[in-house]
Amino acid sequence: MDANTASNNVPIYSTMIVPTRMHEEESKRKSEHLLSEDGKHRVLPEQGRKGVNRPAPINLDCWPAFRDKDEDVEVFFAVYNPVLPRQTARDLHWSLAWTIRGTDPTAWRQIHVIEEKVATQGDEPQRWESRYVYWGPLTKSSGPTDDVAKRYSLGAFLLERRKRIEELAGQTPVMVPDGTWNCQDWLRELFGRMITAGLISAEKRDEVLADAGCAPA
């Protein structure tokens, strides 16, 4: 597959809070999942990747032209538009993203959790459950949903600091679906880790959340 073919693989995000139809099954598996630090949720192993029976999304950074460059680049907090009529502000997809300069169409380096369908184990007939997964930082060509996403600047970051964001994202847990936790909670946790690491201030986080019309931290 060449880069042009891969660049057409554009995700359409639907990030409503994952439903809880599997509560009974999940309660049987609670012992498999550690409690979150606040004791409110259960943590998925490998940030949700364990047991997903599909390859990771195509990542364009395997081609040199799409690799993140050693230069100052503006990092954005992105809020995506609703894709379903019944979606509320709580359902909207959130991400961190920055452009890969020199790409046409524009490629974005994206930090976010996305919803995946996962086949249940041992069920007859087989069922599919939804969960959130962090696949790591993904570079994708801009698509229709990216073009209309609302973006709020966190400032310009050197490559070293962007790599640090990626490192922190890789340490931010993804929770078992419970009807209350979604990608927004994951990104809020990542914001907190970025503040602790000195990458952004709490004031900057609060500023972009307020500008986006989101509830304060």
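For what it's worth, this note's numbering labels the leading residue of the sequence shown as 5, then goes sequentially.
We put the beta carbon where it would ideally sit given N, CA and C, even for glycine.
For residue 77, the CB contacts under 6 angstroms within the same chain, skipping 5 residues up- and downstream, are 102 in chain order.
Within the DSSP bridge table, the entry for residue 80 names 101, 157 as partners. In this structure, DSSP gives residue 119 an extended state, which the three-state scheme calls strand. The criterion of a C-beta distance shorter than 8 angstroms is not satisfied by residue 104 and residue 149.
Nearest neighbour of residue 155 by Cα position, chosen from 220, 211, 50, 202, turns out to be 211. Assignment of residue 114 by DSSP, reduced to helix, strand and coil, places it in the strand class.
Note that the C-beta distance between residue 72 and residue 166 is below 8 angstroms. For residue 198, DSSP records no beta bridge to any residue. Annotation for residue 149: the continuous alpha helix (DSSP H) segment containing it runs 148-152. Here residue 142 is bridged, per DSSP, to 114. With respect to the 8 angstroms criterion, residue 141 and residue 114 are classified as neighbours on the basis of their beta carbons. The way I'd put it, the segment 180-194 doesn't touch the segment 58-65; fewer than three beta-carbon pairs between them come closer than 8 angstroms. Straight-line measurement puts the Cα of residue 163 at about 19 angstroms from the Cα of residue 175. The DSSP-derived three-state label of residue 132 is strand.
Cβ-Cβ distances below 6 angstroms link residue 177 to 47 in the same chain, with the five nearest sequence neighbours on each side left out; the list follows chain order. At the C-beta level, residue 168 and residue 213 stay beyond 8 angstroms of one another. In this structure, residue 134 keeps its C-beta atom at 8 angstroms or more from the C-beta atom of residue 116.
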